[in-house]
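For the sequence shown, my numbering begins at 137 and goes up steadily by one.
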Amino acid sequence: MAARVTPTVDALSDPVPDTARLYQEGMIAGVIGAATVAVWFLLLDTAAGHPLYTPTVLGTAIFRRGALGSPETLSVSLEMVGMFTWVHMLVFAALGGIASRLLGMVERNPSWGFGLLLFAVVFEFGFVAAALVFAAPVLRLIPWPSVLVANLLAAGAMSAYFWRRHPRLVVRP
């Protein structure tokens, strides 16, 4: 006679495994962060009188191998805007997934929280430093302080989302 295994009530009530839930949260947070950056630059570009200029510059730098030419003649390209926006959302979704998974680990082991916070600060600094070194032509067209503010706004928006999704999160030194 073979033993039958019946699922428990808890297993039936949560159809999405914990890991999948964390990645879903991370992708949502990443899209929120990417949208925050996009709105920030749309506001800046519109205030300067050339909406969608920033994603056109970044898309041209990435997909046309840095062929920016003269910035005065660069016209807005919806193709470049669309391609850059898609890649930007994917990168942020991936980073959000990683961040969510790390937050899940911190929930189980609060002493890792400070390390995660330190990693986030170093990662942000490293991104800005790498942009200053490797993307100097782009940063002549898009001021680095606006890039820094955009990333800080995105980090704040993603943190607010994660704060609501991880109410039991405790960080211990």
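Don't be surprised by glycine CBs; every beta carbon is placed ideally from N, CA and C. All values reported here derive from a predicted model rather than from experimental measurement.
Hey, is the region 173-188 in contact with the region 239-259, meaning 3+ C-beta pairs nearer than 8 angstroms? The answer is no - the region 239-259 does not touch the region 173-188, with fewer than three Cβ pairs under 8 angstroms.
Check whether the Cβ atoms of G232 and M163 lie closer than 8 angstroms to each other. In this structure, M163 lies closer than 8 angstroms to G232 by Cβ.
Give every residue of the same chain whose Cβ lies closer than 6 angstroms to the Cβ of F113, excluding the five residues on either side of it in the sequence, and list them in chain order. Outside the modelled stretch of the chain, which goes from 137 to 309, sits residue 113, for which no answer is possible.
For R308, which residues in the same chain have their Cβ closer than 7 angstroms to its Cβ, ignoring the five residues on either side in sequence? P246, S247 and G249.
Please report the straight-line C-alpha distance between W299 and L305, rounded to a whole angstrom. If you draw a straight line from the Cα of W299 to the Cα of L305, it comes to about 8 angstroms.
Residue environment, V290, which counts as buried when at least 16 other CB atoms sit within 10 Å: Checking the sequence, you will find Ala at residue 290 rather than Val. A290 counts as buried, since at least 16 other C-beta atoms from the protein chains shown sit within 10 angstroms of its C-beta.
Once DSSP output is grouped into helix, strand and coil, what is the label at A184? For A184, the three-state secondary structure derived from DSSP is coil.
Alpha helix (DSSP H) segment containing W299, residue limits: Start and end: W280 to R301.
Status (buried if at least 16 other CB within 10 Å, exposed otherwise) for W222: W222 counts as exposed, since fewer than 16 other beta carbons sit within 10 angstroms of its beta carbon.
Close-in-space but distant-in-sequence residues of the same chain around A271 (CB under 8 angstroms, 5 per side omitted): For A271, where only same-chain residues beyond five positions count, the Cβ hits under 8 angstroms are A197.
Does L305 come out as helix, strand or coil in the three-state DSSP assignment? Under the three-state reduction of DSSP output, L305 falls in the coil class, being neither helix nor strand.
Reference T172; option with closest CA among A286, L238, V212 and L239: With distances taken between CA atoms, T172 lies nearest to A286 out of A286, L238, V212 and L239.
Presumed contact (8 angstroms Cβ cut-off) between M225 and F199, rounded CB distance: Actually they do not touch by this definition, with Cβ atoms about 15 angstroms apart.
Could you tell me whether any Cβ in chain D is nearer than 8 angstroms to the Cβ of F228? Chain labels in this structure do not include chain D; a single protein chain is all it has.
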